[in-house]
Amino acid sequence: MPTSIAVVYHSGYGHTEVIAQAVAEGARSVSGVSVSIITASEIDSPDSAALAQLDNADAMIFGAPTYMGSASAVFKSFMEATSTRWMEQKWADKLAAGFTNSGSMNGDKQNTLIEFFTFAMQHGMAWVGLGQMPGNNHSGGSENDSNRLGASIGCMSQANVDQGGDVAPPESDRETARLFGARVARAALRWQQ
Ligand SMILES: Cc1cc2nc3c(=O)[nH]c(=O)nc-3n(C[C@H](O)[C@H](O)[C@H](O)COP(=O)(O)O)c2cc1C
Numbered sequence: 000m001p002t003s004i005a006v007v008y009h010s011g012y013g014h015t016e017v018i019a020q021a022v023a024e025g026a027r028s029v030s031g032v033s034v035s036i037i038t039a040s041e042i043d044s045p046d047s048a049a050l051a052q053l054d055n056a057d058a059m060i061f062g063a064p065t066y067m068g069s070a071s072a073v074f075k076s077f078m079e080a081t082s083t084r085w086m087e088q089k090w091a092d093k094l095a096a097g098f099t100n101s102g103s104m105n106g107d108k109q110n111t112l113i114e115f116f117t118f119a120m121q122h123g124m125a126w127v128g129l130g131q132m133p134g135n136n137h138s139g140g141s142e143n144d145s146n147r148l149g150a151s152i153g154c155m156s157q158a159n160v161d162q163g164g165d166v167a168p169p170e171s172d173r174e175t176a177r178l179f180g181a182r183v184a185r186a187a188l189r190w191q192q
C-alpha cells in the first residue's frame with residue numbers, strides 16, 4: 000500500500016490554494032506515495048466524514064492563510080474538530096508539516112506555523128520542517144530564490160494583496176512549496192520503514 004499523505008488546507012481568496020496544489024504536486028513527484036487534498040471547511044465537527052480520511056493518512060500537511068497574525072478561523076475550526084482524535088491520541092506518530100501564506104513579507108506568519116507545530120505536538124505527531132536553506136539573503140540573491148522568505152519551521156509564501164492566485168504567490172514560492180511537499184513525502188517513506 001502506498002504511503003498516504005493528506006494536504007489539509009483553507010484558502011479564503013485562492014492564494015493558499017495555489018500553494019496547497021504546489022505542495023501536493025511536489026509530494027506526488029515522489030514514487031510510492033499517494034496524495035489527497037482536503038479542504039479544512041469539510042471538517043467542522045468531530046463527526047465530519049473527511050476526518051476518517053485523515054485517520055488513515057501516514058502524514059498530514061496543514062496549510063492556512065495568516066489572518067490577523069494567526070491561522071484563519073476556518074482552519075482553527077478544523078483544528079478544534081479534531082479534539083476527539085486528540086483524546087484517543089489516534090494520530091500519534093504520524094508525520095506533520097505546515098505551510099502558510101500572507102499578504103506581507105513578514106505578516107506574522109511565524110505565529111501560524113507555530114500554531115500548526117503546537118497542534119501537531121498535542122496530537123503526538125512528529126514534525127517535519129521546511130529543510131531548505133534561506134534564499135534572498137545575500138547581495139547576489141533575489142526574490143526569485145527558493146525560500147526567499149527564509150522560513151525553517153514550515154513553508155512560507157507571500158501574495159501581493161492586489162493580485163489574484165493566477166500570479167501570486169510568485170513562482171519562487173510555488174517552487175519552495177513543491178520542494179517542501181517532496182521533502183515531506185520522502186520523510187514519510189522513511190518514517191514508514
Ligand atoms: C481577515 C484577514 C486578515 C489578514 N491578516 C493578515 C495578517 O495578519 N498578515 C498579513 O500579512 N496578511 C494578512 N491578511 C492578508 C492575507 O494573508 C492574504 O491576502 C493572503 O494571500 C490570503 O490568502 P488566501 O487567498 O488563501 O485567503 C489578512 C487578510 C484577511 C482577509
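Count the sequence shown with numbering that gives the first Met the number 0 and you get residues 0 to 192, in order. C-beta: ideal position from N, C-alpha, C; glycine also.
(request) Classify A70 as helix, strand or coil using the three-state DSSP reduction. (result) strand
(message) Considering just the uninterrupted stretch of the alpha helix (DSSP H) at M86, what are its terminal residues?
(response) S82 to E87
(message) Taking the beta carbon of S145 as the centre, do at least 16 other beta carbons fall within 10 Å, making it buried, or is it exposed?
(response) buried
(request) Given a cut-off of 8 Å, decide if A23 and V6 are closer than it, judged by their beta-carbon atoms. (result) yes
(message) So within the stretch 84 to 156, which uninterrupted beta strand (DSSP E) runs reach at least 3 residues, ignoring any that extend past its ends?
(response) 94 to 101
(request) Check each candidate in A72, T2, A91 and S138 and name the one with the smallest Cα separation from E114. (result) A72
(message) Between A58 and K89, how many whole angstroms is the CB-CB distance? I'm expecting something under 8 Å.
(response) A58 to K89, Cβ: 15 Å. No contact.
(request) Compute the Euclidean distance between the alpha carbons of T38 and H9, then round it to the nearest angstrom. (result) 6 Å
(message) Determine whether the beta carbon atoms of R173 and V17 lie at a separation below 8 Å.
(response) yes
(request) Would you mind reading off the limits of the beta strand (DSSP E) that contains I42? (result) Run containing I42: none; DSSP gives neither H nor E here.
(message) Using only the alpha-carbon positions, how far apart do R27 and A181 sit?
(response) 7 Å
(request) Would you please verify whether the beta carbon of W126 is less than 8 Å from any beta carbon of chain B? (result) Within the model displayed, chain B is absent; a lone protein chain is all it includes.
(request) In the DSSP assignment, find the beta strand (DSSP E) that holds S30 and state where it starts and stops. (result) Unbroken run through S30: none, as it is neither H nor E.
(message) Taking 8 Å as the threshold (C-beta atoms), are A96 and V183 in contact?
(response) yes
(request) Consider the C-beta atom of P64 and the heavy atoms of ligand 1; say whether any pair is separated by less than 7 Å. (result) yes
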